[in-house]
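Encoded as structure tokens, the structure appears first; notes follow it.
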Amino acid sequence: MMLIRTYVTASAIEGVGVFAAEPIGKGASIWRLDPDFD
9 MMLIRTYVTA
19 SAIEGVGVFA
29 AEPIGKGASI
39 WRLDPDFD
């Protein structure tokens with residue numbers, strides 16, 4: 009489960025990408041496993 013706000017849009021590299029919608033601080037957790045959700 010993503011712990012930060014994200015958005016999906018076209019990627020300049022290839023296809024579609026998931027991008028952070030807010031700054032991510034050094035050492036911040038961005039994802040955790042939630043067996044009931046993931």
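Residue numbering for the sequence shown follows the working numbering, starting at 9 and increasing by one per position.
Ideal Cβ positions, reconstructed from N, Cα and C, are used throughout, including at glycine.
Straight-line gap, residue i to residue j (C-alpha atoms, nearest Å)
| i | j | result |
| --- | --- | --- |
| ASP46 | ARG40 | 9 Å |
| MET10 | ALA20 | 22 Å |
| VAL24 | LYS34 | 25 Å |
| PRO31 | THR17 | 17 Å |
| VAL26 | ILE38 | 12 Å |
Beta carbon of residue i nearer than 8 Å to that of residue j
| i | j | result |
| --- | --- | --- |
| ALA36 | ARG13 | no |
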